[in-house]
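Data first, discussion second: the structure below is written as structure tokens.
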Amino acid sequence: MTKNKEKKTIVSDRNNRIFKNNHNNGIILAIYKRLLKEYSYQGWWPLIEKDAKTNRYISRYHPKNYDLPRTPEQQFEIIVGAILTQNTSWLQVEKALINLKEKNLLSPKSILNANEDSLKEAIRPAGYFNQKAERLKLISEWFINKKGLPSREELLSIKGIGKETADSILLYAYKQPSFVVDAYTRRLLFNLGLIQNIKEKYDTIKELFENSLPKDFKIFQEYHALIVAHAKQFYKGKGKSKEYFLKELFND
DNA sequence: AACCAGGACGTGA
DNA sequence: TCACGTCATGGT
223 MTKNKEKKTI
233 VSDRNNRIFK
243 NNHNNGIILA
253 IYKRLLKEYS
263 YQGWWPLIEK
273 DAKTNRYISR
283 YHPKNYDLPR
293 TPEQQFEIIV
303 GAILTQNTSW
313 LQVEKALINL
323 KEKNLLSPKS
333 ILNANEDSLK
343 EAIRPAGYFN
353 QKAERLKLIS
363 EWFINKKGLP
373 SREELLSIKG
383 IGKETADSIL
393 LYAYKQPSFV
403 VDAYTRRLLF
413 NLGLIQNIKE
423 KYDTIKELFE
433 NSLPKDFKIF
443 QEYHALIVAH
453 AKQFYKGKGK
463 SKEYFLKELF
473 ND
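According to this note's numbering, the residues represented by the first sequence are 223 to 474, in order.
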């Protein structure tokens, strides 16, 4: 009863070159290098900090600084942001995070102790405030009781943490080389002809990247952030993407 | 003024 | 396993 599972990560580009498992997917690395040249370092994950001039909280990126997060507080903030940004623009998440910060609700204990309405009011700008409030409570309880580095399975067992959020938490809060796949990633691969189906399985796409890159969390962090930066440039509205400089990579 | 954003979950084929 | 409905605010 040996089930053959090797066929899973076969991907071909528009010239029908087949990329298989660990066999060098040079194109994935080439795309990364080209995106990095185009957009430079993104400095994800952004953290809420007080602006020295205005004395107001703002969301700040830290390009080329891979030490962050440095504290459990910052780790937790990233986790909260990862949940709040589900199907929601980061601009709205910033507002919610700042609300939480100003209400002293950006810690697991304070979230657990907060009354429902106050919590919901704070995260309202990020939408889905009913379910997100509940999920913040769940993740807060988990965060307080957890031990050591969380595994992907452990994160996935928490209600409200799906694959993308779990990988985001591992990659950005815990510096683990777990590649994040989002809708933009799918769209990019599809536009470049690297996947045939826009709904290709999450884990298949994840493995494609992880098998094509050095297992370095810094590269994984930058790559995902670069894809988002690229998507914001070219994937707005319904118009066709004009990622000419990436398609040139396919010309030998 | 529709469309969609750094998705996840529950349900019924 | 897969397709679909639901959740909600606010920017463009």
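From the three backbone atoms N, C-alpha and C, an ideal C-beta is built for every residue, glycine too.
Coarse secondary structure for residue i, derived from DSSP in three states
i: LYS317; result: helix
i: TYR279; result: strand
i: GLU271; result: strand
i: VAL302; result: helix
i: GLN443; result: helix
i: GLN297; result: helix
i: GLY265; result: coil
i: PRO285; result: coil
i: SER332; result: helix
i: TYR222; result: For residue 222 there is no data in the structure shown, the boundaries of the chain being 223 and 474.
i: ARG346; result: helix
i: GLU228; result: At GLU228 the pLDDT is 32, less than 50, meaning the model places this residue with poor confidence; the figure from the coordinates comes in the next sentence. GLU228 falls in the helix class under three-state DSSP.
i: LYS323; result: helix
i: LEU468; result: helix
i: SER311; result: coil
i: LYS255; result: helix
i: LEU341; result: helix
Inter-residue Cα distance where the pair is residue i and residue j
i: ASN413; j: GLU465; result: 9 angstroms
i: ILE320; j: LYS275; result: 17 angstroms
i: ILE250; j: TRP312; result: 26 angstroms
i: TYR254; j: PHE439; result: 14 angstroms
i: SER329; j: LEU416; result: 41 angstroms
i: GLN337; j: LEU448; result: Checking the sequence, you will find Asn at residue 337 rather than Gln. Taking the straight line joining both Cα atoms gives about 38 angstroms.
i: LEU378; j: TYR406; result: 21 angstroms
i: SER434; j: ILE333; result: 40 angstroms
i: LYS354; j: LYS381; result: 10 angstroms
i: THR293; j: PHE472; result: 43 angstroms
i: LYS342; j: GLY265; result: 29 angstroms
i: SER373; j: SER400; result: 11 angstroms
i: GLY384; j: LEU306; result: 13 angstroms
i: GLU324; j: LEU258; result: 35 angstroms
i: LEU322; j: LYS458; result: 30 angstroms
i: GLU376; j: TYR263; result: 31 angstroms
i: ILE420; j: GLU295; result: 37 angstroms
i: ALA453; j: TRP364; result: 33 angstroms
i: ARG256; j: ALA451; result: 13 angstroms
i: PHE351; j: GLU470; result: 43 angstroms
Burial state of residue i, where buried means 16 or more other Cβ atoms lie within 10 Å
i: PRO285; result: exposed
i: ASP339; result: exposed
i: GLN297; result: buried
i: ARG357; result: buried
i: GLN455; result: exposed
i: PHE431; result: buried
i: TYR445; result: buried
i: GLY303; result: buried
i: GLN418; result: exposed
i: ASP273; result: exposed
i: SER390; result: buried
i: LYS428; result: buried
i: GLU422; result: buried
i: ILE366; result: exposed
Nearest to residue i (by Cα), restricted to the options the options
i: LYS317; options: ASP289, SER329, SER281 and GLN308; result: SER281
i: LEU371; options: LYS385, GLN398, THR307 and SER379; result: GLN398
i: LYS331; options: GLU343, SER362 and LYS325; result: SER362
i: GLU386; options: ALA355, TYR457 and TYR424; result: TYR424
i: THR442; options: GLU376, PHE472 and LEU393; result: With the sequence shown as reference, residue 442 is identified as Phe, and Thr is not the correct amino acid for it. Ranking GLU376, PHE472 and LEU393 by Cα distance to PHE442 puts LEU393 first.
i: ILE270; options: TYR279, GLU324, GLN264 and TYR263; result: TYR279
i: LEU360; options: GLN314, ASN335 and ALA348; result: ASN335
i: LEU327; options: VAL315, ILE345, GLN314 and THR310; result: ILE345
i: LYS396; options: GLU324, PHE467 and PRO291; result: First, the residue type needs correcting, since residue 396 is Tyr and not Lys in the sequence shown. Comparing Cα positions, the closest option is PRO291.
i: LEU468; options: LYS437, ALA388 and LEU410; result: LEU410
Which runs of the alpha helix (DSSP H) fall wholly inside the segment 348-434 and span at least 4 residues, in chain order? 351-367, 374-378, 385-390, 405-413 and 424-432
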